Amino acid sequence: MKEWQYKFIEFTLKKQIIKFGNFTLKSGRKSPYFFDIGSLSNGYDLSKLGCFYAQALIDSGIKIDVLFGLAYKGIPIVTAMSIILARNHNIKIPFCFNRKEIKGYGEGGVLIGSNLYGKVMLIDDVITTGITIYESIKIINSYEANLTSILIALDREEHKFTKTNDIKGIENDYQCKIISIISLSNLIEYLKKEPNMSNNLKHIYSYQDKYGT
């Protein structure tokens, strides 16, 4: 695990983005942990989040034309990430996000920001059921652009409802590359060194035994 990934885990725990307890996911599963980027509520924290997303993109070496954040959680993430890329790395990649409802007045349209074209990277927090992917592809295809990569904060490293509906399955089905800032394995590696996290680890291991890839 790289130092910046270690710092990302520290950040998510300090800001309670990663929570431990008993949570019902979008998939309907009961999980002992929950990842909630939506809990960030100030510009400083959002800027730090953007730094981690920007670093993940740079480390990946993936070349893209447009960053696309799907409403709603993807909107602040892709905005913060774009600002950090430009300000800290002099990388100026166009970005956009979608409206949930088509605007019928003013400038109208589905997108805010850049048009979708060429190689598109989808920006999101986690992939749970894959519904986000399907929604995004419909929008991207309507602009005759190509979803070539997806950047998420956390790879939960679990299969979905079938073994072919995990991240590898999505990569194969849509011919895109999925990268993450951290994985569940990274989180476990960190928590192993924290003596007060032994009980949380026990529940994570149990969940992983049932749903892990």
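Position 6, counted from 1, in the sequence shown is what the UniProt record's numbering calls 6; the numbers after and before it change by one each time, with no gaps.
Cβ coordinates follow ideal geometry from the N, Cα and C atoms, glycine included.
Predicted model, so just to flag it, every value in this text is computed and none were measured.
Residue nearest to residue i in terms of C-alpha spacing, selected from the options
| i | options | result |
| --- | --- | --- |
| residue 201 | 19, 1 and 8 | 19 |
| residue 124 | 96, 75 and 86 | 75 |
| residue 17 | 25, 28, 29 and 33 | 33 |
| residue 110 | 56, 94, 93 and 136 | 136 |
| residue 93 | 121, 126, 100 and 73 | 121 |
| residue 112 | 14, 59, 79 and 60 | 79 |
| residue 150 | 14, 62, 46 and 15 | 62 |
| residue 56 | 178, 212, 96 and 192 | 178 |
| residue 77 | 14, 27, 169 and 152 | 152 |
| residue 10 | 44, 194 and 96 | 194 |
| residue 43 | 81, 59, 143 and 60 | 81 |
| residue 96 | 59, 58 and 140 | 140 |
| residue 168 | 191, 212, 1 and 45 | 212 |
| residue 216 | 132, 176 and 131 | The shown model of the chain, from 1 to 213, leaves out residue 216, and the question about it has no answer. |
Where the beta strand (DSSP E) through residue i begins and ends
| i | result |
| --- | --- |
| residue 67 | 66-69 |
| residue 178 | 177-183 |
| residue 214 | No statement about residue 214 is possible, as the shown extent of the chain runs from 1 to 213 and does not include it. |
| residue 22 | 18-24 |
Alpha carbon of residue i to alpha carbon of residue j, nearest angstrom
| i | j | result |
| --- | --- | --- |
| residue 210 | residue 134 | 25 Å |
| residue 189 | residue 203 | 15 Å |
| residue 88 | residue 31 | 36 Å |
| residue 207 | residue 23 | 12 Å |
| residue 145 | residue 71 | 18 Å |
| residue 173 | residue 12 | 31 Å |
| residue 126 | residue 138 | 19 Å |
| residue 199 | residue 25 | 21 Å |
| residue 205 | residue 170 | 24 Å |
| residue 143 | residue 73 | 22 Å |
| residue 14 | residue 85 | 24 Å |
| residue 99 | residue 196 | 43 Å |
| residue 46 | residue 35 | 15 Å |
| residue 48 | residue 28 | 31 Å |
| residue 187 | residue 60 | 20 Å |
Any C-beta of chain B under 8 Å from that of residue i
| i | result |
| --- | --- |
| residue 52 | Here chain B cannot be found, since the structure has a single protein chain. |
Residue i, enclosing alpha helix (DSSP H) - first and last residue
| i | result |
| --- | --- |
| residue 78 | 74-89 |
| residue 204 | 198-211 |
| residue 218 | In the structure as shown, the chain begins at 1 and stops at 213. Residue 218 is therefore absent and cannot be evaluated. |
| residue 9 | 3-14 |
Do the region 110-121 and the region 62-76 make contact, defined as three or more Cβ pairs closer than 8 Å?
Contact between the region 110-121 and the region 62-76 is present, because at least three Cβ pairs lie under 8 Å.
Check whether the region 45-53 and the region 5-20 touch, using three or more Cβ-Cβ pairs below 8 Å as the test.
Pairwise C-beta distances place the region 45-53 in contact with the region 5-20, as three or more of them are shorter than 8 Å.
Report yes or no: do the region 89-100 and the region 36-46 share at least 3 C-beta pairs separated by less than 8 Å?
The answer is no - the region 36-46 does not touch the region 89-100, with fewer than three Cβ pairs under 8 Å.
Would you check if the region 170-188 and the region 145-161 touch, i.e. whether three or more CB-CB distances between them fall below 8 Å?
Yes, they touch.
Could you tell me which whole alpha helix (DSSP H) segments of length 4 or greater appear in the region 129-157?
Entirely contained in the region 129-157, the alpha helix (DSSP H) runs reaching 4 residues are, in chain order, 131-142.
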